[in-house]
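As C-alpha cells, the structure follows; a few thoughts come after it.
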Amino acid sequence: MVVSSILTLTGLGFAAAAMLSVASRVFAVYEDPRVEKVTGTLPGANCGGCGYAGCEGYANAVVNDPSIPPNLCVVGGAKTASAIGTLTGKLTTEMEPLCAYRRCDKNAGQVAQRFDYKGIPSCAAAAALHHGSDQCGFSCLGFGDCVKECLTEGLRIENYIVVVNEQMCVGCGKCVKVCPRDVLQLIPKRARVAITCSTKDKLKAVMDVCKVGCIHCGKCVKTCPAKAITMDNDRIQIDQKACLEYGGACGQACAAACPRDILRLRPGALPCPTEEEQKKAG
Amino acid sequence: MSVFEVFISAIFVNNIVLAQNLGNCPYLGCSKEKGVALGMGTSVIFVTVMATLCTWLVQKYILVPTQLEYLQTLVFILIIASLVQFVEMFLKKAIPPLYASLGIFLPLITTNCCVLGVTLLVQREQYDLFSALLYAFATGAGFLLALLLMAGVRERLETCRVPKAMAGTPIALIMAGIMSLSFMAFKGMV
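Given below as C-alpha cells:
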C-alpha cells in the first residue's frame, strides 16, 4: 500500500518534471539579456513619464528599437540615461530635469466661490459639476487628485490649493495628466520665468473674478526679444527651450512688462544686467 | 441534470466564491479594478477547464485502477501546478499577446483553491467527462461574475467617504459578506 502510493506519486512527479523540462526547451523564448539589465538600471517606479507602459515597456523598446533615445526616463535623470546609453550603445544627450508648475494663484487673486460644494472630495467630480465651485473656470480646485497620483512627496495641499515641492518633484507628469482643469504644467527646473495663470477668458471676464488673472493683453509677447512667448490656443505659452537658449540678457523683460504679475521670476532667473555689462555684450 | 440546470446551479445557486467560500484570496486581491477582475476571471475559467480535463482522466485511468483514490488531493495539486506552468510556457511562445494579458495571473492560479475545489467536487459528484467540463466552465463563469460584481462595488467605494478604520480591506470584507448573503436567496432554485 505504502510502496504503491509512493511509487505512483514519484512516477507522476517525474512525468510532470520531464514534461516541463521538455516544454521549457521546446517553448523557449529568446530574450535579449540587455532588456533585463536596462530594467535593472531603471528606477522601477512604473510612472509612465517616458511614454511607455511601465519601466519594462521602455526597457524593451529602448533595446529593440534603435530610434528610441536612452534619455527618456525623467525619474532616473542623467545617471540612468548614461547607464542605458552604455548598455545599448546609444549616444546619450542630457535630459532636461523637469518639474510640475501650478498655473494658478487663486488665493492671491481672491477668487470667490459661486456655491458651496459638498460632493465627492475629488477634483474630477467637482470640476464636472457646473465647472467647479470657483468663480474662475480655470482655477486649481484643491481636492488633490494630483497629490494622490504623485510618486514622491512632490505635491501637497495648502490653503485649498496644490503646492509643488520642486526638490522632490521628478517631473514624471502623472499629475499633469490627472488634473481635470489642466492647471499643472511641466517646465524645466532651471526655467527663469513661468506663467501662473491658465485662463482662456478675456479682459473683463478675468478682471471680475481674479486679481492676478491673465487678461491676454499680449505685452509679454511683444516684449520678449527671443520671441519665446506666444498666444497659443487662447493661452499665453512660453517656449522654455527658446527662452533658455536666449539666456538672461533680456533681464526677464516679460515679467517686468506684465501688468498682472502672471509671469513670475523663478529662483533660476539671472539678475538684470547692468549698463556696463550690456555695453560689453554689445 | 440538464445543461441549463448545471449552469444556473454553478453560477448562481452554488457560486464557488459566494456560496461555497472557495477562492477568497483572489476574490479580494484582484477585485480592485474591473479590468484586472476580467483578466483574472477569464484565466480561472481557462485553467479550471484544462485542470478538470487532466484530473478527470488521471482519476479514471490511473487512480481508480490502482485503487489509490485517497491520494486524490495530493495528485491533483501536483497536476494543477505543473499544468499551469506548462500553459504559461506555451502561451509565452505561441500567443505572446495573450501571455501579456494573462501572464501575471497564471502563477497566482497555481495555488488557487477554487481550481482544486472544482476538480475535487467533480469527483465527488461523479460527473461524466462532458458534464464535468461543463460544470468547470460554469463554475469559472460564476467566479468571474463574483469578481466583476465586487470590482464594480469597490470602484464605487473609492469615491465614498468611508471611515478611516474601515477603509480598504475591512469594508471589502463586509461587502463580500453582504453579497454572499444576497446570493443565499438563490438557494432552493435548483
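Residue numbers (this note's numbering), protein chains in the order written: chain A, -3 to 278; chain B, 82 to 271. We put the beta carbon where it would ideally sit given N, CA and C, even for glycine.
Does the segment 188 to 207 of chain B come within contact of the segment 95 to 113 of chain B, defined as at least 3 CB pairs closer than 8 Å? yes
Just to check my reading of the structure: V208(A) and I157(A) have Cβ atoms closer than 8 Å, yes? What is that Cβ distance to the nearest angstrom? Here residue 208(A) refers to the residue found at position 212 when the first sequence is read from its first residue. Here residue 157(A) refers to the residue found at position 161 when the first sequence is read from its first residue. Their Cβ separation, rounded to whole angstroms, is 13 Å, which puts V208(A) and I157(A) out of contact at 8 Å.
In three-state terms, what does DSSP make of V159(A)? Position 163 of the first sequence holds residue 159(A). It is a strand residue.
Enclosing beta strand (DSSP E) for V189(A) [first to last residue]: On the first sequence, residue 189(A) is found 193 positions in, with the first residue counted as 1. Start and end: 189 to 191.
What does the Cβ neighbour count give for G278(A), buried or exposed, with the cut at 16 atoms within 10 Å? Indexing the first sequence from 1 puts residue 278(A) at position 282. Only weak support exists for where G278(A) lies, its pLDDT of 47 falling under 50; the value from the coordinates is given anyway. Counting Cβ neighbours within 10 Å, G278(A) comes out exposed, since fewer than 16 surround it.
Going by Cα to Cα distance, which pick from R98(A), S135(A), S1(A) is closest to Q109(A)? What you label residue 109(A) is simply residue 113 of the first sequence in a count that begins at 1. Residue S135(A) is the option with its Cα nearest to Q109(A).
Considering only the alpha carbon of each residue, which of V172(A), V(-2)(A), R21(A) lies closest to C146(A)? Residue mapping note: residue 146(A) aligns to position 150 of the first sequence, counting from 1. Nearest C-alpha to C146(A): V172(A).
Take every Cβ of the segment 139 to 149 of chain B, pair it with every Cβ of the segment 215 to 234 of chain B, and state whether three or more of those distances are shorter than 8 Å. The segment 215 to 234 of chain B and the segment 139 to 149 of chain B do not touch, with fewer than three beta-carbon pairs separated by less than 8 Å.
So, with DSSP's three-state summary, where would you put A96(A)? Here the question's residue 96(A) lines up with position 100 in the first sequence. Three-state DSSP puts A96(A) in a strand.
Say whether chain A places a C-beta atom closer than 8 Å to the C-beta of T133(B). Counted from its first residue, the second sequence places residue 133(B) at position 52. So, not an interface residue.
Go through its chain and collect everything with a Cβ distance to E289(A)'s Cβ below 7 Å, but skip five positions before and after it. The first residue shown for chain A is -3 and the last is 278, placing residue 289(A) beyond what the model contains.
For F167(B), which residues in chain A fall below 7 Å Cβ to Cβ? Taking the first residue of the second sequence as position 1, residue 167(B) is located at position 86. Those are M15, L16, A19, listed as they occur along chain A.
Report yes or no: do the segment 108 to 122 of chain A and the segment 229 to 239 of chain A share at least 3 C-beta pairs separated by less than 8 Å? no
Which of the three DSSP states, helix, strand or coil, is assigned to L149(B)? Numbered from 1 along the second sequence, position 68 holds the residue referred to as residue 149(B). The answer is coil: DSSP assigns L149(B) none of H, G, I, E or B.
Which chain A residues sit within Cβ distance under 9 Å of F88(B)? Here residue 88(B) refers to the residue found at position 7 when the second sequence is read from its first residue. Here the premise fails: no neighbours, minimum Cβ distance about 32 Å.
Given I80(A) as reference, the closest of P66(A), G73(A), T89(A) once Cα atoms are compared: Taking the first residue of the first sequence as 1, we reach residue 80(A) at position 84. Considering only alpha carbons, the answer is P66(A).
Flag V25(A) as yes if its beta-carbon sits less than 8 Å from any beta-carbon of chain B, otherwise no. Working through the first sequence from its first residue, we reach residue 25(A) at position 29. Judged by the 8 Å Cβ criterion, V25(A) is in contact with chain B.
Kindly indicate which three-state DSSP category R231(A) falls into: helix, strand or coil? In the first sequence, residue 231(A) corresponds to position 235, counting from 1. Note: R231(A) maps to strand in three-state DSSP.
Within the 8 Å Cβ cut-off, does T4(A) reach chain B? In the first sequence, residue 4(A) corresponds to position 8, counting from 1. Yes, because at least one Cβ of chain B sits closer than 8 Å to the Cβ of T4(A).
If we count Cβ pairs, one from each stretch, closer than 8 Å, do we get three or more for the segment 38 to 53 of chain A versus the segment 10 to 20 of chain A? no
Shortest alpha-carbon distance to L144(B) belongs to which of I160(B), V130(B), T129(B)? As a position in the second sequence, residue 144(B) is number 63, starting the count at 1. Nearest C-alpha to L144(B): I160(B).
Buried/exposed call for N155(A), threshold 16 Cβ in 10 Å: In the first sequence, residue 155(A) corresponds to position 159, counting from 1. Looking at its Cβ environment, which holds fewer than 16 other Cβ atoms inside 10 Å, N155(A) is exposed.
Indicate the three-state DSSP secondary structure (helix, strand or coil) for V103(B) in the structure shown. In the second sequence, the residue the question calls residue 103(B) occupies position 22. It is worth fixing the name first, because residue 103(B) is Leu in this sequence and not Val. Three-state result, L103(B): coil.
Would C193(A) be called buried (16 or more neighbouring beta carbons within 10 Å of its own) or exposed? Taking the first sequence and counting its residues from 1, the one referred to as residue 193(A) is at position 197. Classification for C193(A): buried.
Select from V59(A), A251(A), G243(A) the residue whose C-alpha is nearest the C-alpha of G214(A). Along the first sequence, read from residue 1 onward, the residue named residue 214(A) stands at position 218. Out of V59(A), A251(A), G243(A), A251(A) has the C-alpha closest to the C-alpha of G214(A).
Mind checking whether A55(A) and V31(A) have CB atoms under 8 Å apart? Counted from its first residue, the first sequence places residue 55(A) at position 59. Counted from its first residue, the first sequence places residue 31(A) at position 35. Yes.
For F171(B), decide whether its Cβ has a neighbour in chain A, counting only Cβ atoms nearer than 8 Å. To locate residue 171(B), count along the second sequence from 1; it is residue 90. It does: the Cβ of F171(B) has a partner Cβ on chain A nearer than 8 Å.
I'd like the span of the alpha helix (DSSP H) that includes E32(A), first residue to last. Indexing the first sequence from 1 puts residue 32(A) at position 36. From DSSP, the alpha helix (DSSP H) with E32(A) extends over 29 to 37.
Under 8 Å between the Cβ atoms of C216(A) and A253(A)? In the first sequence, residue 216(A) corresponds to position 220, counting from 1. In the first sequence, residue 253(A) corresponds to position 257, counting from 1. Result yes, Cβ atoms of C216(A) and A253(A) sit closer than 8 Å.
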